[in-house]
Amino acid sequence: MILPTAEVVSHLTADIKSDHLISPPTTTPPDPIDRLHGNYTNLSERFKLRNKCFKRQYAPLYAARLAAMRPMLEAVARNKWFDVPQVQLNDLQQNKTCVIIGTVFKQMQLKPNILRELSENVNLPPKPERKRYTHQSDVVFLEDETQRISLVGDIETHETITGTVICAKGKETAGGKFEVEDWSYCGLPAQLNNELTEPVSEDRYVAIISGISLGDPQYDPMPLQLFVDLVTGQLGSLKDQTFYSKVVRLIVAGDSLSKHTRDSTTAKQAKYLTTKTKAASISAAQELDDVLTQLVSCIFVDLMPGQYDPASFSLPQQPLHRCIFPQAAQYTSFQSVTNPYEADIDGISFLGTAGQNIHNIQQYTKLRDAVTIAETTLKCRHIAPTCPDTLGCYPYDEEDPFILRDCPHVYFVGNQKRFGAKMSEGDQGQKTLVVSVPKFFDSHQVVLVNLKDLSCFPVSVATLIGDDSVSMEKGGVADSDDDGEDEEVLPDVNILPDDEDMGDME
Amino acid sequence: MSDKRGPDDLADDAKKKLKVEEDDDWAADSKEDSDWAADSKPSDDWAADSKPADNWAADSKPSWGSSGFSSNFSSNREDSRDSYMSSSSAHSSSSSTTPPQLPSDTISRPEAARLDTNSKSLVFQQLDLDYFVGPCHPALSAVQENFTPVVRMFGVTSAGNSVCCYVHGFHPYFYVAAPLGFKEDDCSQFREELNKQVKLDQSKKKEQVESAVLSIEVVLKESIYGYHGKKKSLFLKITVALPQLIAPAKRLLDRGFSCGRFQDRQYTSYEANVEFECRFMVDTGVVGCNWIELPAAKFYQVKENNKLSACQYEVECGWRDMVSLSTEGEWGKIAPARILSFDIECAGRKGIFPEPQHDPVIQIANMVMYQGKTEPFIRNVFCLNTCSPIVGADVRCFETEQELLKSWADFVREVDPDILTGYNINNFDLPYLLERAGTLRVPTFPYLGRIVKEKTVIKERVFESKAYGKRVNKVMNIEGRVQFDLLPILLRNYKLRSYSLNAVSYHFLLEQKEDVHHSIITDLQNGTDVTRRRLAIYCMKDALLPLRLLNKLMCLINYMEMARVTGVPISYLMTRGQQVKVFSQLLRKCKEQNLIIPVYQSNQAGEMYEGATVIEPIRGYYDTPIATLDFASLYPSIMQAHNLCYSTLLTPAETDKLTPEQYIRTPSGNYFVKSEVRHGVLPEILSDLLSARKKAKRELAAETDPFKKQVLDGRQLALKISCNSVYGFTGASVGRLPCLEISQSVTAFGREMIQRTSELVEATYTRANGYPSDAKVIYGDTDSVMVKFNVQTVAEAMKIGQEAANHVSSHFPDPVKLEFEKVYFPYLLINKKRYAGLYFSSSPDKHDKMDCKGIETVRRDNCRLASDLISTCLEKILIERDPTGAINYTKSVISDLLCNRIDISQLIITKELTKTGDDYANKQCHTVLAEKMKKRDAGSAPKLGDRVPYVIVTGTKKDPTYMKSEDPLYVLENNLPIDTEYYLGNQLSKPLLRIFEPILGDKAEGILLKGDHTRAVTVVHSKAGALAAFTKKKATCVGCKAVLKREGSAVCDSCKGKASDIYQKEISQLYNLEEKFNRLWTQCQRCQGSLHEEVLCTSRDCPIFYMRMKVQIDLQAQDNIVARFGEVSW
């Protein structure tokens, strides 16, 4: 499809005249452009699992979550409602206004039920995964250490999230329900300002890419190669090269492999049919190794696993094993990290996931916009509240690593439908850039975050051949049937000018 | 209750037990309902519909009441109710049809309106009927004695008030054949002599009466047994003072009795084996659970001070004055009875099942509901120690167990339920409470009945039948409250894999509950008020589920209707077998026709007779529609058509007295007179039942009110079952009145008819007669024949089947009717009583269901893997018409089995422990395992009557199978290898070959049980066993399983290049297991309804119980493999 002579542009090549590639040959070699480097600290140690134990249940995780968050919510409730007494559900008295604190649990009729699936015929093909599991019969419960009570009143059932810890003011009704008058999450945690690192005074970028989806039957290698070439400085004008030399780090936020590499039927097939089969991800993984090798020769790359990568299922997903990347693993600039992933880059703290936390909330609430959901998880101070109820999670004992200790400067979520960014501000002046990173496979976009001022914008790579680009834009919105339901549709940002403060959307 | 009582309680109990046994005296002679279903030729026809009877050894309704009058406790129980308080209009004139307004927030019954005995009648539905022995009523009884039987009816008015009604003046009687020449004048001498002898015989008994034999009458009656040319003969009707005097009187007359000129004669007795309650009900026309009217001015209200019961209305009347209302029409309704469902929790010691002598009762949950409503109006739980409040329930906490028990008994008396229900309350909850209260000396506790001074005592009854095995049942007297334990009812009426409350709820309601093992209960109790609350919620659910089941299965309504149809008290239906029901109907009919029933002396050795016939099946897979023609109610209609009855039976000798037109000879060589000569009693009962059923069905179709619909549906079902049990009654060789001439004639006619049908069909539907091809009967059984008409479509088969049914019916006498019922297409005929097919009846385009008979899908003694595999294969073959798919599926399941990938719950076999190990001559898997488990932990080991789940694990070659049975949990915990060969060879191969042989022929075995799919085998290493401690595992390469030279690496040198591939395969496996782990354990959290508390449930019947254990183990193992590849450093 793509001719070798295809005219290739990046959005930054507005100034065609100074294009070095088609300038007359010179005898003086161009000045080398050095890539900028930043200070880097990996802060994801708490997401690493060692000596895993599965002889456990999930109750300790919930208990730890509630225990850790209760004091924070008690403070919030005191602030908000002053002298309204805080009680445990055991001590509720009818028609007496009070504040209760506990974990939200939504009882949902459509929630996939393994019992029901088992009792139905074992051999029926598995039901296709639903987009949404919300239903008008859903009921919200609040559960504390003692018991649970269903919440009615001023609380929108379809916007509450199972697993979040909240405080609610209201009173018990005669029917044994809790009539909510007002409720709250505990809000953003405090933000640490790294005093030791000098603030960045020049433009330095961190690029985030997600959802490359190698191994998809529709996979087109060109856009990725373009991006690789751009970021490694093998493409574009001097200006482009200069610009990309300021990208200090690339974060690959999950789903580098497509879901087609995850062969779920193998698990169900009889072993005698599968002894000689290989994992479906092998060739895609090799391809990824090739791509990574090109990248890591020039730039630091942090590779996060995602839902479809050859990694564990439960959050936190453990780093992709280096043995999958025999070439790339040779470079010290290659780093395989966990999902979620947290790091300090030049004094700016990054926290991000490959997007499962957001998708899962989308499925079980009527919340749609990724940035809004991501912001909500910040406000409830928990990256993945639906763990473990509907999102796979390691059965932690006595700790919950997903609780936000401090407010990150940048909070990104990968594999979203479209780009979005918002500067979220907390009561105590915390500022967090919330970024929704689109799936590269659909959007051909990579997100750049400027470490100097936390401005942020997507970069699109496109192959402009006739109508191809158009069709690709269309193809970009893969699950378009969903759009009708969306309450707010963000404008698709395609080409952003070279202007630096464009991305900062508040 | 009085403080005087206390230490003597236990002694008193012992006395009462003795007393009760004496009361049983008369019944000991008459063999009660026996297991005739098992003894006589079992016939699918009726056995399928009616459940086999139980064999109560010496079973009779004991008269608990006898000591009530003679005992001298003082009554301190205050009756706070004053029935004269309210002056509003007296209730329930028969015209009021508006539903009563029932209070929903109070515990006590609605206030009782004042009774105006002179101008208003009292109408109530009686639910329980018994009798006691007490002094005669001065006005209502002709005889004046200190001891006379008084019938006691407990019931509810339509306003929801409780009634206790004493019926006076009715005395037990029986008949003997009068000696030749006996005259009216001989009666008084006969009476005096018999009276003397009976009194002498009974002189040691407590209740002495002035005259034991009240009267002798000469009556003209006829014995039902045999045709006597309609000649009546003389009988003596002997009326005695007390029911327990019938047995000695009968015995004396049987042995040889001298009186005046009738020296040393033996008298044959009639109807001496009729229970007193039954006698009363037959003579007054009362049937179980019907409405009773006491007409104005014909009854008395017992003065408040003299009341013996806690009922709101306590009334007395003479037995001739009460009116029994017909269950048809208006009085078919059901009163708003109060149903109390309860459940208790006990804190056992570690490893020991709770014993009432040692272990406390810690919680009692109660739900009270009105019959006809769907939600309970009282929900509470009595807790020992503190307990956090529960939303929507009343939590009552007590510091001591004594207080708890005392308050609960008070609560029961305050609620005053008509019906007590629960799950296994008769064999666990109630006896435990009573024994515990005895141990703790709570004097007021054991008075749970409505008769204030009557103490509730426990009696044990051994129950043994061929069908159910041996059980020890506990029986308690709770006067006036029907004990409606759901467990035995489900045991009798439904065939299930498991009868735990959890399994039953899941099966019928698709609801599960947390199942807490009794060993954990103590820990929860000893925890905090929060853990006790958790227990309370669990306990309440256990009390609620029986009510849900009761509503869903309509047990109560169906039982009430059965009681009405058969005319016995509802309590008989739970404690007695089938025979008493038929006997009651027979008695009623005989009374109408002036017939009497001889007392049959049963002989244990039952004669055998030939059963139903089976037309040899032509086995195969039929890909054409097969029409099935059925005889509707075959046996009942044969009995009607040929007038088969006791009263029409002729001995061969007697045939001489009749003309050949007047009698028939049955195919079995017996003679019966035709209905023109004498219409039989049994045919009449049957035609009554059938027409009643038709009527009920008509009304059912017309009825719109859902509640009345339920009643009518229950009725028609009861009628159908009753109809079918009549044949069984005549064939029960140890029954009340067996008559093999009848039963063998019935089956002989049946055989002949099936044969004839087959001939007629094959002779009529031939090519010669213009039909497309010759019809062929491919199979026939009991009451149906399967015909291959060689038509192509279901619609055609339906048409021709209908036609054939009409054609054949015309060849048989009324009311025998051959009906076309269904078409099977396709049809897999495996063997006699084993077939499967798609069942078309209503529409030719869509099948109603897949019908499987006698195939492993429904058998309970197979593991679930076998039944699931077979049913899936059948579905693939029959519905999808994809035999290849079925074969591939079978192969993959067999491969999974060999690779240890089958969920262990699929491999579990359950058998009921009916005897302990020592009782069995041959060792069996479940008994051996039960012994083994007892040694490990006596507390959790299965007990008598439990169903024991086990799996077969590998042992040494010579080990017999029973040595290899093991507890599934133990297998999981210790990673014991499953004996896949056993499962393949003993569980799967036979049923598989059976269904595949008609399709694959001889190759079946080679294709299914051998081949590639059997070669990949996973070897499991046990953690238990003698050698496990000595073995050392050497690390092998994850990729090629070669033993590694160096420890600590994942792959061998030659696999190093493929490390990425190997890793990706393993991580993918880990991914799948993690997903499963997550889904299973979050499901359990949702089910238990709590996030912050550990899942404690140990419900072995839950489909994911073993799965979630296995996934923990598998996941840990898989994680270890993945970890061998080394940790990823940043």
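The listed protein sequences derive, respectively, from chains P and V. The first sequence begins at 421 in the numbering used here and counts up one residue at a time. The second sequence begins at 165 in the numbering used here and counts up one residue at a time. Cβ coordinates follow ideal geometry from the N, Cα and C atoms, glycine included.
Asked, Found
"Candidates P/V651, P/G596, P/C606, of which the one nearest P/Q567 by Cα", "P/G596"
"Segment contact flag, the stretch 1087 to 1105 of chain V with the stretch 1039 to 1053 of chain V, C-beta cutoff 8 Å, min 3 pairs", "no"
"Same chain, Cβ closer than 6 Å to V/A1168, neighbours up to 5 away in sequence not counted", "L1157, F1160, E1161"
"Cβ neighbour criterion (16 or more within 10 Å) applied to V/Y596", "buried"
"Pair within 8 Å by beta-carbon distance, V/L1071 and V/V1112", "no"
"Candidates V/M1271, V/A727, V/E348: closest to V/L1133 by CA position", "V/M1271"
"Inter-residue CB distance, V/K462 and V/C481 (contact presumed, cutoff 8 Å)", "6 Å"
"Proximity test, V/I1019 beta-carbon vs the ligand SAH heavy atom, cut-off 7 Å", "In the structure shown, the ligand SAH is absent, as is every other ligand, since no ligand is present at all."
"Supposed contact pair V/L793 and V/A927 - C-beta distance, whole angstroms, cut 8 Å", "Contact doesn't hold; Cβ gap of about 15 Å is too wide."
"Short Cβ contact (8 Å threshold) for V/I1268 with P/I534", "yes"
"Status (buried if at least 16 other CB within 10 Å, exposed otherwise) for P/I768", "buried"
"Inter-residue CB distance, V/F648 and V/L720 (contact presumed, cutoff 8 Å)", "7 Å"
"Within-8 Å CB hit, P/S676 to chain V", "no"
"Any C-beta of chain V under 8 Å from that of P/Y831", "no"
"Cα-Cα separation between V/V377 and V/F354, rounded to whole angstroms", "10 Å"
"Contact set between the stretch 468 to 492 of chain P and chain V, restricted to residues whose Cβ is under 7 Å from the partner", "K472, F474, K475, Q477, Y478, A479, Y482, A483, L486"
"Reduced DSSP category for V/Y339 - H, G, I as helix; E, B as strand; rest coil", "strand"
"Cα-Cα separation between V/P902 and V/A1094, rounded to whole angstroms", "40 Å"
"Selection from V/M1097, V/V479, V/R273, V/G1170 that minimises the alpha carbon distance to V/L1077", "V/M1097"
"Status (buried if at least 16 other CB within 10 Å, exposed otherwise) for P/K837", "buried"
"The stretch 398 to 405 of chain V touching the stretch 330 to 348 of chain V, judged by at least three CB pairs closer than 8 Å", "yes"
"CB-CB length for P/G674 against P/A774, believed under 8 Å", "2 Å"
"Residue burial classification, V/V1207 (beta-carbon count within 10 angstroms, cutoff 16)", "exposed"
"Cβ of P/H457 within 8 Å of any chain V Cβ", "no"
"V/H975 classed as buried or exposed, judged by whether at least 16 other C-beta atoms fall within 10 angstroms", "exposed"
"Where V/K838 falls: helix, strand or coil (DSSP)", "coil"
"Segment limits, alpha helix (DSSP H) that includes P/A704", "702 to 716"
"Residues sharing a beta bridge with P/T461, DSSP", "P/D764"
"Status (buried if at least 16 other CB within 10 Å, exposed otherwise) for V/T1036", "buried"
"Of the residues V/K619, V/V1135, V/E478, V/A912, the one placed nearest V/V320, counting alpha carbons only", "V/E478"
"contact_flag[the stretch 461 to 475 of chain P, the stretch 811 to 825 of chain P] where n(CB pairs < 8 Å) is 3 or more", "yes"
"Proximity of V/S473 and V/I615 at Cβ, strictly below 8 Å", "yes"
"Per-residue DSSP class, three states only, for V/C1248", "helix"
"Reference V/D1143, options V/M531, V/E1137, V/S1129, closest by Cα", "V/S1129"
"Same chain, Cβ closer than 6 Å to V/V958, neighbours up to 5 away in sequence not counted", "P789, V987, F989, F1004, P1008"
"Close-in-space but distant-in-sequence residues of the same chain around V/I906 (CB under 6 Å, 5 per side omitted)", "L808, T894"
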